[in-house]
Structure formats: structure tokens, C-alpha cells
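Student: Pasting a structure here, questions to come.
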């Protein structure tokens, strides 16, 4: 028997096991060709991808090393005796093969796939196989099956009946931090809006990162229920709720492969909303040349898929197409975006108008779900709650309920202004490039890093006038970001020639 | 700058880098989302998949660990200072994306993909994406482009003009070790047949494993040229020749995913033959219920694809459909298969007749390539060379030229006879199951392990009469193999009921 050893190696969403090449109990070569092994011990079993270790300082020859995820999943102590065997392919892989061959899969196939994904029985290669076969074509009923399957594997939040409203944006537009304005407005009105958000993975800030500038977001589900019972809302990180964990596994492969199909996006978002117990949803779909949706046609196609799946799963959904041609607000990065949000809530005259208008539009749509409100009054009611200070008061109560943030970041002190190369009018701001600059500057890990925009589309500028300011906390990041901006500032300026 | 450290971790065909979570120079979280990083130092750069290390006993926080392949590829000494950055996706991945979207790719796309594969710029996920997108549909002209691209990346053997003949089997039938009989016959006749073979990866024996029972096969290309100049032939392991290395990279993902499309098989085999400098080829395609080709239709489809690509690349190819309904010869496993081969060459009356007939058939087809031989005389000439002892003499000269084997394995001393459950006649032998039993017994790593068949299809058997004997060298293997055979012996016997 091999003795288990936890190795401090994080292999992301893949379970990995390490076997010594000179293992006296198993011959490593025997196992390497098919890459996946099954590990059995203490009445438990998991599947892992195999690496071979030559260096006895990493582990002894009669040990079996496990990556952090594999170790957590097997749940046995170091030194426990385990056996290994070639792993059979996960049973649901037969459905993936059928999909590769062009089949339309039935609901039970998607259930089996979702279960095996969550149990980490798929290697990254196998996940890629599923995604690529699906990207080739997936029918709308298959998207429905996948959505239901992903929602049913993992936890579900339960709210004891009644209307649970939610608001979501598909992303891609920096600074579009409307949730932090919509939630206090809606909660102040009295609808229940328990908002769970993600941290940024490839963008410069997620709602959880930004809220964390103001309050603790690492809140367990029990505590979240208490806060919502008291305040009608919350703005917390969704990591504790284990909603649609199959989606997290798929995302770990979609992202490096840059797979971003409408079908995956719809199943991903709606499975999480279903698992979160939402009954009513407003979806923000920004359209613009550098956002995720680049044409009216792609917007309509995605809208219809969202509508079809929402109707089938009984989620009342309103889709709002918005302007995705440039960042929303001025700040890009957690600290700067939190500043914009507070300016809007506080009625500060310096508050970015576009962020305020966008938040009111979306909050208005959410409020229209309230049967007690006269039809068409949603946006006026939202404005009333904002202008009266009721939304700000609610935000302060949410912050108090969630507690102080463990982060104490200030705005990055390293500053660099990027200036206009000519006189003229701003005609284009590249969302992707500005997001990249903010990330290079350190966002979202350094909450005070990012980009502060001084000019938006339509603004006149003079040569050498600052377009935006880069903020960073660390010198290396600062130089990377400034250099990247020097290679292309992301702005186009049309001038009188 | 990070200091390089080679970690003794073998990650197969994927380059992997290890960064400390508490690295003071780079923030690990920044890099993990997109999984691939670029490593630069000493004027060199490679791309690798990133793992995060929490344990400082594995590496220090200012070090960058590299897996064995990554370390070899970067080619820098431990302690060298290196920088890292997020890796851009390999440029050729745009073609893979086009393929996912259903495009027919031009030849230059396949060249770019093959080059990036060989440079290990693709992660396993990306390789899987290419394979699955291709499995969905690949046109014959695309197979041609892929074949040419794979042959052109890597080394090419050059033989100074003239006819270079070769013989290949697509595999799947245990014991089908005809190359070791065909090569001495053809070389004795005087045609040049420089045979490079692979070691088994998932089967119980490859030709290189079996030849290694008799002689050294780990022969460099210069030495191989010398042997062929002297003897007209050789039977060596192809690993030194670096033929179609892109194929090896694809196989490292095809195998765990069990992707085995006709298109990939044709490109794989013919690219290696092209790179090996072959001009004439006889291809053995066994058809049977448990072999790779299970129907006449799949045989014809594969035959036509082989013919089309061969014609286009100017390789004179004859396809021979053979009986793949049961193992060929008696032995399964290197030592036992080498015994069968020697019995045939020595004219031993105990020699398996089916192996002898199959080898003569194929050798006859190869000899028909000789313009000096009268049409239709190939098989008679092959028989003449076998029966006269000329082939045996040539085999002895090849063994002498290649030198003694470093392996000194004897037939496995642990023995277990699997017996017939009833009286009757053998009607089915399952190739896959027998191969699996031989592998569990230790083949090909233990050359003396395997299965020795006493009964073939059509043979009458009495209840409790031995069907085959399992040989193993190690107790654990022996028990695994015997247990697996007890769960299903792979034989069907029809009896008088």
C-alpha cells in the first residue's frame, strides 16, 4: 500500500496525483499512458491526473502525493494507506462522445455530465472535449437541460417563498458597477434582493471586489440569510454558497481556451440564479464594438436564448440592452469604482451621470416586478429612493450588517497621466484595452490600483490634456501599465484636420 | 528576477511551471486564471502551464520551478534568472477556432498548428480542442495538409535515392508481430527496409519491445544508416529519429481521450513514413469484431483515405485487409512473441501457422515492389527465402549488427492456466480482453510476462482443458491478471448442449 502525502501544489480545478518513478509497489510507466488514476483508501475513492516524480526530496518512493484539491476531495490524513488503479473514463464521457459525433443529448445525459464534473471525474482535456463538442452546436433544449442539470448539482438557497429579485450583467464593460446602486434602491423599496457576486477573474474588478472596499463580503450563507431577513438585501461574495459548482469547473477550462458561446453563458448565468433561489431577474446586456456583444444581431440572438430558458425554468426575466461602447462611470478598479458608487448614492454633483442613469434604469425595471407599484412607475420610484437618501441609508445599513472590510487599501499613490496626442473630440474608448491597463496596474488584487477616466466619448480635448490617470501601488505594476498605455492608450480622437 | 529550479516532476507532454503562492516578485493569483505563462531568460523563451506551490520545501518563494520537459525545452541551468508574463495564446490557435466554427483549413494553417504543437506551445486543453474540432469533420484534403505538415516538422531520414520499402500494421490485434519476419525476408532478398518501430503504449507489446528480447533496439540514426548500408534492413526503436514529433504530441491527448478517428490515424502513420524516407509501403489493416476495424465498411473507408493521401504525397502503397478476429500466433507479450517469431524463422514445426502465413502474405506484397521480380512471384519468393533459412540467417546478422539486448528477461515463472468451462469449440477470442490480461500480467515492461494461447478459434476443447497460460514475474501483477481472467476469460465456446 502507498502512504498518502499532501503536496502543497495548487493545480486549480484539476485533481492531480504524484507517483514516484521508482515506486516499489506500482510501476509508474504502467499508469502514465492513460493519464488518469483512481485512488482508493479508507472507504473513499477519487480520480486524479497522474504526474511522475523523480525527486525523492519531493516525496518518498512509497508515497502517493496529492495536489491540494485532490487531497481535500479524498479527505484522508497524510500517511493513510491507499491503493491505485488505472481509472476508467467517467461514465458520462459516452455522452460527450455522442456529442462529438453530432448527437442531440437528452436531459439525463446533461445531469450525468454535471455530476461527474462536480466530482472532478473529468480531466481538463475531457472538459475541453465537452466544451468544443458543444460549441460546434447545442440546441436550445440542450441549453435548458444543461442549465437545469448545473443548477441541481450543488447547493440551493431557499428563501421561504415570496418574490426574490436579482439583477445581473453579462460583463465586459469596465466600471459598470450598477449592482451596488440597484441593490440598496430595491432593498430600500422593500423587495428582497440577496445579491451574491463573484470576484474578478480576468476583469479589473468584480462586484465582490468593489463592495469589499466598503464592507466585508466573505459572508457565510446563514449570516447572509440573517442580513437579508433584516435588510431585504445584501452584497456578498457568492463563494460560500456553492451555487452551480459545475459551472465553476467549466469556467476553469472556458477561460484559458477563450470559449465564450451564448449557450455556455446562458446556462452559466441562469443555473446560478436558479440555485440562488431567484424568482425575478433583470439582465443587463451591453452592446458595443469592444464589449462582449458587438452587434444588434448577436444581442437579439442572446436575448432570445435567455428568454426561452428563463420561461422554461420559470424565472421571470427582463432583458435590458444597454450601451457598451465605453466604460461606465469614471473609475476602473475596486477603489475607484466604489468611489463612483458612493458619489451616486450621496448625490454628489461630481457623480458620473452615466453610472447613475444606468443604475436607475435597471433598478426601475426591478421595481416594476412589484405588483403593488403602478405600471411604469419603476424608474420614478427608483429616482425617488436615490434622491431622498433612502438608498444611501440602506447602503450604510448593509455595510454595518456585513461588517468592516478586512481590506484597508487606499487609492494607489503611484500616478501617471495619459494625455491626448492632439486637439479634437473623443470618438472611441476601447473597453478591452482600458481593462487591461487597470489590471496591469494591479487591479483587482490591489484595490487601490486602476484607471480614473477624465474624458468620455463626445468630450472635447486639447493636446496634452489628461485623458485618464493610472493608479498603482507597486513600482513594477506601475511601469507595466504605463508602458502598455504608451503603446496604445485605447482612445481615438477625431480632430479638425 | 526569479531563479530557475528544475523539479523532478514528469508531466508527460505538457510543459509545466511552478510559482510560489508567496512569491515576492509576481503575484500568483494574477497568473492563474489563464493558466499559461511565458518564461524568458538567457535569450530563450518557452510557454508553460502554471501550478501554484504553497510548500517551501518543494521550492523557495523566489524560484520558478520547471517540470522535466519544460526544463529541457528552456535549456537553462538551475539558478538562471528568468522573468515571466501571461502567455498569449499560440498564434495558430486562431485556426483551431476557425475549425471549431466549421471552417475547412488551408495547408498553411496545418503547418502553423504542427509547428506550435512541436514547440509545446499548446496546453493539453488546446490540443484537445484541436482534436475534437477535427473529429467533428475533416476533409480528405485537410488530412493531406495535416500529414504533410506533421512530416515536415521534425527530422527526415534520407537514404540517397532508390527504393525504400516499409511495412506497417495499424495495430489492435495481439501477437501480430509480422514485421520481425517480413524485415529479414525482404532484406535477404535485397530490398532496403530500414524499419523503425515504437514501443507499446497501451498494447502488451510493440515491435521494438519484442525485438529487444533478441537485440539492442536503442540505436541512433547514424548507426542505423550503417547497419542498413550493410544489411539492407534493421529493426530498431524509432525514438531517436524524431520523426513527426507533432504526432507524438497529439497522441499524448488522443490516447487518454480515446480519440481514434480514421483521419488522425492516416495522418499519423503516413507522416511518420514520409519523414522516415519510405517510398513504398505495405499496410496491414486487420478487420474483426474486437480489433480497430470492426466492419467491411469501416475498412473500405479507411483504405480509400490511405490510398488518396499516399497517392498525393507520392508514397506507393498497397493496403492488405487481414483477419483481425483473434490474436495472431500464440504468444502475447514480448518474450512469447519473440519465441513465435523465431519458431517461424527457424522452420520449427511448432511455429504458429497463422503468424507464418500472415508474414509471408505481407512479405510477398513488399517483394512485389521489386521491378526485377516477375509479377505475382512475391509470395513464392518470400516462402523460398523463409524455407531456405536465408531469412533466419539475415535475422541473425541483424541481431549481431544491432548488438546484444540489455534486457535479460526470462519467461515469467509465475504461471496460471485458464481452463475451458465446458466441452465444445472455440468460437470467439476477444482481442481487447486478452491484451488487457497480458498487460496486467506485466507486459510489455516485464518482457517475460504475458499470455500463451493453447487454443484458437475453431479448436475443439474439453472441459477443464487449458485455453491459455498467464505468465508473470511479480506476485501483484500475477494476481491482478488471474483475477481479471477469472472475471471473464475472453473466450466463447459453443458446445453440444
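Protein chains in written order, with the numbering used here: chain L, 1 to 497; chain E, 1001 to 1497. Even glycine gets a Cβ: it sits at the ideal position worked out from N, Cα and C.
1. What does residue 1011(E) reach in chain L if we use C-beta pairs closer than 7 Å?
2. Does residue 35(L) get closer than 8 Å to chain E when you measure Cβ to Cβ?
3. Locate the alpha helix (DSSP H) running through residue 1108(E), then write down its first and last residues.
4. For residue 363(L), which residues does DSSP report across the bridge?
5. Measuring straight from C-alpha to C-alpha, what distance separates residue 1057(E) and residue 1047(E)?
6. Helix, strand or coil for residue 1335(E), going by three-state DSSP, please let me know.
7. Within 8 Å of any Cβ in chain L, is that where the Cβ of residue 1265(E) sits?
8. Along chain E, in chain order, which residues have C-beta atoms closer than 7 Å to that of residue 257(L)?
9. Identify, in the order they occur along the chain, each residue of the same chain with its Cβ nearer than 6 Å to the Cβ of residue 1021(E), setting aside the five sequence neighbours on each side.
10. Residue 1399(E): beta carbon under 7 Å from a heavy atom of the ligand SAH?
11. Alpha carbon to alpha carbon, how far is residue 1115(E) from residue 1102(E)? Give it in angstroms, no decimals.
12. For residue 1011(E), is the classification buried or exposed, using 16 other Cβ atoms within 10 angstroms of its Cβ as the cut-off for buried?
13. Measure the alpha-carbon distance for residue 1242(E) versus residue 1366(E) and round it to whole angstroms.
14. How big is the Cα-Cα spacing for residue 498(L) and residue 1019(E)?
15. Over what stretch of residues does the alpha helix (DSSP H) that includes residue 1168(E) continue unbroken?
16. Determine the direct distance from the alpha carbon of residue 430(L) to that of residue 265(L), and round the result to whole angstroms.
17. Could you tell me which chain E residues have their CB closer than 9 Å to the CB of residue 105(L), listed as they occur along the chain?
18. Please tell me whether residue 54(L) has its Cβ less than 8 Å away from any Cβ of chain E.
19. Please report the straight-line C-alpha distance between residue 3(L) and residue 17(L), rounded to a whole angstrom.
20. What separation, rounded to the nearest whole angstrom, lies between the Cα atoms of residue 1091(E) and residue 332(L)?
21. Run through DSSP, which three-state label would residue 426(L) get?
22. Who are the neighbours of residue 1046(E) on chain L, taking C-beta pairs under 7 Å?
23. Residue 386(L) and residue 355(L) look like a contact to me (Cβ under 8 Å); what is the Cβ gap, rounded to whole Å?
24. I'd like the span of the beta strand (DSSP E) that includes residue 1053(E), first residue to last.
25. Taking 8 Å as the CB-CB limit, is residue 133(L) close to chain E?
26. Determine the contact status of residue 1181(E) and residue 1232(E), defining contact as a CB-CB distance below 8 Å.
27. Are at least three pairs of beta-carbons, each pair with one atom in the segment 323 to 342 of chain L and one in the segment 212 to 221 of chain L, less than 8 Å apart?
28. What three-state label does DSSP hand residue 1457(E) in the structure shown?
29. In chain E, which residues lie with their C-beta within 9 Å of the C-beta of residue 445(L)?
30. Could you name each continuous alpha helix (DSSP H) segment of 4 residues or more that falls completely within the segment 251 to 317 of chain L, going from the start of the chain to the end?
31. Closer than 8 Å, CB to CB, is residue 1089(E) near chain L or not?
32. So what does DSSP say about residue 326(L), is it helix, strand or coil?
33. Name, going along the chain, the residues of the segment 1288 to 1313 of chain E whose beta-carbon falls closer than 9 Å to a beta-carbon of chain L.
34. Establish whether the CB of residue 58(L) and some CB of chain E are separated by less than 8 Å.
35. Return the bridge partner residues of residue 1041(E) from the DSSP annotation.
36. Flag this pair as touching only if the segment 384 to 404 of chain L and the segment 183 to 198 of chain L have three or more C-beta atom pairs under 8 Å; answer yes or no.
Tutor: Reading it off the structure:
1. Position 11 of the second chain, counting from 1, holds the residue named residue 1011(E). Neighbours of residue 1011(E) on chain L, chain order: 51.
2. As a first step, residue 35(L) must be located in the first chain, where it is residue number 35. It does: the Cβ of residue 35(L) has a partner Cβ on chain E nearer than 8 Å.
3. Working through the second chain from its first residue, we reach residue 1108(E) at position 108. Start and end: 1107 to 1118.
4. For the purposes of this step, residue 363(L) is taken as residue 363 along the first chain, with counting starting at 1. The partner list for residue 363(L) (beta bridge, DSSP) is empty, contrary to what the question assumes.
5. Within the second chain, residue 1057(E) is the residue found at index 57, counting from 1. Within the second chain, residue 1047(E) is the residue found at index 47, counting from 1. Going from the Cα of residue 1057(E) to the Cα of residue 1047(E) covers about 25 Å.
6. On the second chain, residue 1335(E) is found 335 positions in, with the first residue counted as 1. The answer is helix: DSSP assigns residue 1335(E) an H, G or I state.
7. Along the second chain, read from residue 1 onward, the residue named residue 1265(E) stands at position 265. With 8 Å as the cut-off, residue 1265(E) does not count as an interface residue toward chain L.
8. Walking along the first chain from the start, residue 257(L) turns up at place 257. The contacting residues are 1125, 1126, 1129.
9. If you number the second chain from 1, residue 1021(E) lands on position 21. The beta carbon of residue 1021(E) sits closer than 6 Å to the beta carbons of 1028, 1052, 1054 from its chain, once the five residues preceding and following it are set aside; these are given in chain order.
10. Inclusion of the ligand SAH in the displayed structure is not the case, the ligand content being empty and no account of it being possible.
11. Within the second chain, the letter at position 102 stands for residue 1102(E). Within the second chain, the letter at position 115 stands for residue 1115(E). If you take the alpha carbons of residue 1102(E) and residue 1115(E), they lie about 22 Å apart.
12. Counting from one through the second chain, the residue named residue 1011(E) turns up at place 11. Buried.
13. Counted from its first residue, the second chain places residue 1242(E) at position 242. Counted from its first residue, the second chain places residue 1366(E) at position 366. When rounded, the distance between both Cα atoms is 25 Å.
14. What is shown of chain L runs 1 to 497, which leaves residue 498(L) out entirely.
15. Translated into the one-based positions of the second chain, residue 1168(E) becomes position 168. Unbroken run through residue 1168(E) is the beta strand (DSSP E), 1165 to 1169; no alpha helix (DSSP H).
16. The count along the first chain starts at 1 and reaches residue 265(L) at position 265. The count along the first chain starts at 1 and reaches residue 430(L) at position 430. Those two C-alpha atoms are separated by around 23 Å.
17. In the first chain, residue 105(L) corresponds to position 105, counting from 1. For the C-beta of residue 105(L), not a single chain E residue is nearer than 9 Å; the gap to the nearest is close to 15 Å.
18. Walking along the first chain from the start, residue 54(L) turns up at place 54. Yes, because at least one Cβ of chain E sits closer than 8 Å to the Cβ of residue 54(L).
19. Position 3 of the first chain, counted from the first residue, corresponds to residue 3(L). Position 17 of the first chain, counted from the first residue, corresponds to residue 17(L). Looking at the backbone, the Cα of residue 3(L) and that of residue 17(L) are separated by about 12 Å.
20. As a working mapping, residue 1091(E) is identified with position 91 in the second chain. As a working mapping, residue 332(L) is identified with position 332 in the first chain. Their Cα atoms are separated by approximately 29 Å.
21. Mapped onto the first chain, residue 426(L) falls at position 426. Strand at residue 426(L).
22. As a working mapping, residue 1046(E) is identified with position 46 in the second chain. Here the premise fails: no neighbours, minimum Cβ distance about 17 Å.
23. Here the question's residue 386(L) lines up with position 386 in the first chain. Here the question's residue 355(L) lines up with position 355 in the first chain. Contact flag wrong, Cβ pair sits at about 12 Å.
24. Here residue 1053(E) refers to the residue found at position 53 when the second chain is read from its first residue. 1044 to 1053 is the span of the beta strand (DSSP E), which, as asked, contains residue 1053(E).
25. Taking the first chain and counting its residues from 1, the one referred to as residue 133(L) is at position 133. Yes, contact with chain E.
26. Locating residue 1181(E) in the second chain gives position 181, counting from the first residue. Locating residue 1232(E) in the second chain gives position 232, counting from the first residue. Not in contact: residue 1181(E) and residue 1232(E) (Cβ atoms no closer than 8 Å).
27. yes
28. Counted from its first residue, the second chain places residue 1457(E) at position 457. The three-state reading of DSSP puts residue 1457(E) in coil, since its state is none of H, G, I, E or B.
29. For the purposes of this step, residue 445(L) is identified with residue 445 of the first chain, where counting begins at 1. Near residue 445(L) (Cβ distances below 9 Å), the residues of chain E are 1027, 1029, 1030.
30. 262 to 275, 296 to 313
31. Along the second chain, one-based indexing puts residue 1089(E) at 89. Yes, residue 1089(E) lies at the interface with chain L (some Cβ there is under 8 Å from its Cβ).
32. Mapped onto the first chain, residue 326(L) falls at position 326. DSSP places residue 326(L) in coil when its eight states are reduced to three.
33. none
34. The sequence position of residue 58(L) within the first chain is 58, counting from 1. Closer than 8 Å to some Cβ of chain E, the Cβ of residue 58(L) qualifies, so yes.
35. Residue mapping note: residue 1041(E) aligns to position 41 of the second chain, counting from 1. Its beta-bridge partners are 1044(E).
36. Verdict: yes, contact present.
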